[in-house]
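Participant: First the structure, then my questions, so here it is.
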Amino acid sequence: MARTASLSGFPEWLPQERLVELHVLDTLRRTFELHGFASIETRAVETVGQLLRKGEIDKEVYGLSRLQDDDDSASRDDANALALHFDLTVPFARYVVENAGYLAFPFRRYQIQKVWRGERPQEGRAREFTQADIDVVGDGDLPFRYDVELALVIAEALSALPIPPFRLRINNRKLAEGFYRGIGLTDTAGVLRSIDKLEKIGPERVAELLQEELGATPEQAKAALELASIRTEDTSFVDQVRALGVEDELLAEGLAELEEVIAAASAAAPGKVVADLSIARGLDYYTGTVYETVLVGHEQLGSICSGGRYDALATKGSRKFPGVGLSIGVTRLVSRILSQGLATASRSVPTAVLVTLADDGSWPAAQGVAARLRSRGIAVEVAAKAEKFGKQIKYADRRGIPFVWFTHADGTHEVKDIRSGEQVVADPDTWMPPAEDLVPQIAAAPSA
RNA sequence: GUGGGUAUAGCUCAGUUGGCAGAGCGUCUGGUUGUGGUCCAGAAGGUCGCGGGUUCGAGCCCCGUUACUCACCCCA
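Counting in this note's numbering, the first sequence runs from 4 upward without gaps.
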């Protein structure tokens with residue numbers, strides 16, 4: 004017996020909810036295109052070898068197999084086995100290498116697609132979800148300025164959405180790695196993983212973790228925490244880091260990079276960007292700038308947009324394609340918008356006008372009226388049966404259709420706004436609904 | 001993958017010591033002989049997640065199982 008109930012981690016929206024999601028997708032697409040990003044779509048599957056190339060064996064990747072295959076257990080070891088992509092950055096890197104001869108560099112693209120992760124679902128965490136990525140990839144080198152530009156594009160895109168204020172937190176891998184190396188902590192990934200828990204479990208527990216799991220001395224733990232506690236909206240973090248007295252070449256390089264990003268970004272998007280030296284980022288292909296974004300007041304939800312600089316993800320022989328990009332968690336955002344009622348659609352259907360039937364014989368004439376309205380861009384449906392007008396109006400009311408159209412025996416027309424009850428004479432060739440009723444509107448709730 | 005909680009109508013949930021399966025909302029019909037929402041009356045809707053056990057008798061107790069959910073892990 005096939006399962007009919009919803010599957011955990013594979014969200015499906017109702018029409019009214021889908022309209023909110025579509026609004027988010029449309030807004031992102033428009034913003035990305037305004038900044039000259041081209042759209043591409045990559046296939047849903049990659050080879051296992053491609054996906055796990057960076058050694059992320061423990062990633063929860065969904066494999067793909069035919070039910071009829073008899074050798075079903077081959078996938079784990081077979082690098083040519085197929086699997087659903089885990090994010091959009093790795094497939095994009097593969098796409099760039101494969102099509103390098105046809106692309107003009109620096110290549111800027113956006114990509115809005117589903118991705119799959121076999122994790123245990125929770126609020127804001129799905130197994131199938133939509134990401135909206137923008138990336139710029141260069142041939143050989145990529146000017147550092149793009150690290151700034153992408154942060155600004157993302158800030159603009161997020162600002163256009165019906166969501167609470169956000170904070171784009173920026174850090175730099177070189178800075179962190181150099182610092183930890185400078186104080187004698189070599190397991191950078193391990194340190195970052197512990198530091199990443201700072202907000203959740205507090206500095207004392209993190210200090211314990213650093214000492215217990217990574218063998219750090221109390222002094223090293225203290226220094227690591229001091230770095231992680233630095234958080235400024237301007238470039239004053241530079242002096243704070245220097246005051247910690249750690250000398251390292253990589254640290255100096257990362258510090259200079261982050262200073263440049265923050266200086267430019269805080270000038271262009273004041274209050275939305277912050278240097279936050281506790282930001283870690285899990286994915287290990289990032290090599291420089293890293294970004295993470297939280298909704299103010301919804302920090303529990305986790306990051307809703309993150310990314311970074313990756314200098315070595317895509318290579319073709321001796322040719323390198325360094326990139327920088329960010330990914331918006333569309334599904335995570337939409338699920339929060341819906342569960343908190345942050346925005347709602349004004350109706351559940353596109354229909355603006357329902358043309359009623361006075362009798363069943365008038366259906367063809369009603370279709371004619373509908374066609375005249377549609378020719379001017381008005382979404383119209385025609386009643387299927389000549390039920391009592393009360394029922395036909397109720398049909399519109401249940402769906403939020405704002406207008407009901409009547410054609411009288413003498414050939415004249417009237418249109419009724421069912422919210423006000425106001426009914427006026429109308430001409431199918433000239434009448435227009437108010438602009439706000441033409442298509443469903445997404446209204447943001449007043450921020451609490 | 002690890003640990004906790006939950007599972008009864010479309011939805012939210014009651015269900016007493018183990019004794020006839022319930023409410024509100026929603027849906028449908030009528031009151032209303034062609035203009036909805038309020039109101040009134042009525043109706044439909046159930047394998048009590050699934051399998052087993054105890055018992056004269058199980059929604060309730062016991063065992064197992066699955067799903068959902070929360071936290072961990074990880075991350076958008």
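Cβ coordinates follow ideal geometry from the N, Cα and C atoms, glycine included. Predicted model, so just to flag it, every value in this text is computed and none were measured.
How many Å lie between Pro221 and Thr238 at the Cα?
Facilitator: The residue labelled residue 221 in the question sits at position 218 within the first sequence. The residue labelled residue 238 in the question sits at position 235 within the first sequence. If I take the Cα positions, the gap works out to 29 Å.
Participant: Thinking C-beta only, is Ile157 closer than 7 Å to Leu329?
Facilitator: Taking the first residue of the first sequence as position 1, residue 329 is located at position 326. Taking the first residue of the first sequence as position 1, residue 157 is located at position 154. Yes, the Cβ-Cβ distance between Leu329 and Ile157 is below 7 Å.
Participant: What does the alpha-carbon distance come out to for the pair Ile233 and Pro405?
Facilitator: Looking up residue 233 in the first sequence gives position 230. Looking up residue 405 in the first sequence gives position 402. Roughly 53 Å between the two C-alpha positions.
Participant: I want to know whether the region 171-186 touches the region 258-276 - three or more CB-CB distances under 8 Å.
Facilitator: Short answer: they touch.
Participant: For Phe132, which residues in the same chain have their Cβ closer than 6 Å to its Cβ, ignoring the five residues on either side in sequence?
Facilitator: Taking the first sequence and counting its residues from 1, the one referred to as residue 132 is at position 129. If we look at Phe132 and ignore the five residues flanking it on each side, its Cβ neighbours are Thr334.
Participant: Are three or more beta carbon pairs between the region 247-264 and the region 181-190 nearer than 8 Å?
Facilitator: Yes, the region 247-264 touches the region 181-190.
Participant: Taking the CB atoms as reference points, tell me whether Ser378 and Gln444 lie closer together than 7 Å.
Facilitator: Taking the first residue of the first sequence as position 1, residue 378 is located at position 375. Taking the first residue of the first sequence as position 1, residue 444 is located at position 441. Cβ atoms of Ser378 and Gln444: not closer than 7 Å.
Participant: Provide the residue(s) that pair with Arg312 in DSSP beta bridges, ordered along the chain.
Facilitator: As a position in the first sequence, residue 312 is number 309, starting the count at 1. In DSSP, Arg312 forms a bridge with Val327.
Participant: Unbroken alpha helix (DSSP H) runs of length 4 or more, entirely within the region 146-193: which are they?
Facilitator: As far as the region 146-193 is concerned, its whole alpha helix (DSSP H) runs of at least 4 residues are 148-162 and 176-185.
Participant: State buried or exposed for Ser338, treating a residue as buried only when at least 16 other CB atoms are found within 10 Å of its CB.
Facilitator: Your numbering for residue 338 matches position 335 in the first sequence. The residue in question, Ser338, is buried, as its Cβ has 16 or more Cβ neighbours within 10 Å.
Participant: Give the single residue among Ile307, Ala386, Gly291 and Leu254 whose Cα lies nearest to the Cα of Thr149.
Facilitator: The count along the first sequence starts at 1 and reaches residue 149 at position 146. Position check: residue 149 holds Tyr in this sequence, whereas Thr was assumed. Nearest of Ile307, Ala386, Gly291 and Leu254 to Tyr149, Cα basis: Gly291.
Participant: What is the C-beta distance between Leu161 and Cys308, in whole angstroms, given that I count them as a contact (C-beta under 8 Å)?
Facilitator: On the first sequence, residue 161 is found 158 positions in, with the first residue counted as 1. On the first sequence, residue 308 is found 305 positions in, with the first residue counted as 1. With 8 Å as the limit, Leu161 and Cys308 qualify as a contact, their Cβ atoms being about 7 Å apart.
Participant: Measuring alpha carbon to alpha carbon, tell me which residue in Val27, Val356 and Gly403 is nearest Gln134.
Facilitator: Position 131 of the first sequence, counted from the first residue, corresponds to residue 134. Residue Val27 is the option with its Cα nearest to Gln134.
Participant: Can the beta-carbon of Leu3 be found less than 7 Å from the beta-carbon of Leu178?
Facilitator: Since the first residue shown for the chain is 4 and the last is 451, residue 3 is missing from the structure and cannot be characterised.
Participant: When the Cα atoms are used, what is the spatial distance from Tyr313 to Val327?
Facilitator: Your numbering for residue 313 matches position 310 in the first sequence. Your numbering for residue 327 matches position 324 in the first sequence. Cα to Cα, the separation comes out at about 6 Å.
Participant: Give the straight-line distance between the Cα atoms of Lys275 and Thr235, rounded to the nearest whole angstrom.
Facilitator: Within the first sequence, residue 275 is the residue found at index 272, counting from 1. Within the first sequence, residue 235 is the residue found at index 232, counting from 1. So the alpha carbons of these two residues sit roughly 11 Å apart.
Participant: I'd like to know if the region 122-129 and the region 99-111 are in contact, where contact means that at least 3 CB-CB pairs between them fall below 8 Å.
Facilitator: No, because fewer than three Cβ pairs between the region 122-129 and the region 99-111 fall closer than 8 Å, the two stretches do not touch.
Participant: Can you give me the C-alpha to C-alpha distance between His416 and Lys394, rounded to a whole angstrom?
Facilitator: Here residue 416 refers to the residue found at position 413 when the first sequence is read from its first residue. Here residue 394 refers to the residue found at position 391 when the first sequence is read from its first residue. Spanning the two alpha carbons is a distance of roughly 19 Å.
Participant: Rounded C-beta distance between Val383 and Ala373? I'm assuming under 8 Å.
Facilitator: Here the question's residue 383 lines up with position 380 in the first sequence. Here the question's residue 373 lines up with position 370 in the first sequence. 4 Å between Cβ atoms; contact.
Participant: If you scan the region 119-143 from start to end, which runs of the beta strand (DSSP E) of 3 or more residues do you find wholly inside it?
Facilitator: Fully enclosed beta strand (DSSP E) runs of 3 or longer: 131-140.
Participant: According to the neighbour-count rule (16 or more other Cβ atoms, all chains shown, within 10 Å of its Cβ), is Gly39 buried or exposed?
Facilitator: The residue labelled residue 39 in the question sits at position 36 within the first sequence. Exposed, since its Cβ has fewer than 16 Cβ neighbours within 10 Å.
Participant: Could you check where the beta strand (DSSP E) with Ile445 kicks off and where it finishes?
Facilitator: Taking the first residue of the first sequence as 1, we reach residue 445 at position 442. Run containing Ile445: Ile445 to Ala447, per the beta strand (DSSP E) assignment.
Participant: Below 7 Å CB to CB, which residues in the same chain sit around Ala346 once its five sequence neighbours on both sides are set aside?
Facilitator: Position 343 of the first sequence, counted from the start, is the residue given in the question as residue 346. For Ala346, where only same-chain residues beyond five positions count, the Cβ hits under 7 Å are Val23, Pro165, Ile340, Ile445, Ala446, Ala447 and Ala448.
Participant: Taking C-alpha atoms, which residue in Leu145, Val358, Leu217 and Gly300 lies nearest to His411?
Facilitator: For the purposes of this step, residue 411 is taken as residue 408 along the first sequence, with counting starting at 1. Considering only alpha carbons, the answer is Val358.
Participant: Excluding the five sequence neighbours on either side, which residues of its own chain have a C-beta within less than 8 Å of the C-beta of Thr34, listed in chain order?
Facilitator: Your numbering for residue 34 matches position 31 in the first sequence. If we look at Thr34 and ignore the five residues flanking it on each side, its Cβ neighbours are Val156, Glu159, Ala160 and Ala163.
Participant: Would you report the Cα separation of Leu261 and Val241, rounded to the nearest angstrom?
Facilitator: The residue labelled residue 261 in the question sits at position 258 within the first sequence. The residue labelled residue 241 in the question sits at position 238 within the first sequence. Straight-line Cα distance between these residues: approximately 9 Å.
Participant: Over what stretch of residues does the beta strand (DSSP E) that includes Trp408 continue unbroken?
Facilitator: Within the first sequence, numbered from 1, the residue matching residue 408 stands at position 405. Phe406 to Thr410 is the extent of the beta strand (DSSP E) around Trp408.
Participant: Do Leu31 and Tyr65 have their C-beta atoms within less than 7 Å of each other?
Facilitator: Here residue 31 corresponds to residue number 28 of the first sequence, with the count starting at 1. Here residue 65 corresponds to residue number 62 of the first sequence, with the count starting at 1. No.
Participant: Could you pull out every unbroken beta strand (DSSP E) segment of at least 3 residues lying fully inside the region 338-374, listed in chain order?
Facilitator: Segments of the beta strand (DSSP E) lying fully in the region 338-374: 346-348 and 356-358.
Participant: Taking the alpha carbon of Glu101 as the reference point, which residue from Arg120, Ile204 and Phe324 has its own alpha carbon closest?
Facilitator: Numbered from its first residue, the first sequence carries residue 101 at position 98. Measuring from the Cα of Glu101, the nearest candidate turns out to be Phe324.
Participant: Who are the Cβ neighbours of Lys419 in its own chain at under 6 Å, not counting the five residues just before and after it?
Facilitator: For the purposes of this step, residue 419 is taken as residue 416 along the first sequence, with counting starting at 1. Hits under 6 Å: Val407 and Gln426.
Participant: Quick check on this structure: which residue in Leu37, Leu336, Ser42 and Arg69 has the alpha carbon closest to the alpha carbon of Val299?
Facilitator: Position 296 of the first sequence, counted from the start, is the residue given in the question as residue 299. Selected option, being the one with the closest Cα: Leu336.
Participant: My assumption, with CB atoms under 8 Å, is that Thr45 sits in contact with Leu85. Please give the rounded CB distance.
Facilitator: In the first sequence, residue 45 corresponds to position 42, counting from 1. In the first sequence, residue 85 corresponds to position 82, counting from 1. That pair is no contact at about 13 Å.
Participant: Given Gln370, which residues of its chain have a CB within under 7 Å of its CB, disregarding the five upstream and five downstream residues?
Facilitator: For this step, residue 370 is matched to residue 367 along the first sequence. Excluding positions up to five away in sequence, the list reads Val385.
Participant: Quick one: residues in its chain with C-beta nearer than 6 Å to the C-beta of Leu230, no 5 flanking neighbours on either side, listed in chain order?
Facilitator: The count along the first sequence starts at 1 and reaches residue 230 at position 227. Taken in chain order, the residues that qualify are Phe182 and Leu280.
Participant: For Gly424, which of helix, strand or coil comes out of DSSP?
Facilitator: Here residue 424 is taken as the residue at index 421 of the first sequence, counted from 1. If DSSP states are grouped into helix, strand and coil, Gly424 belongs with coil.
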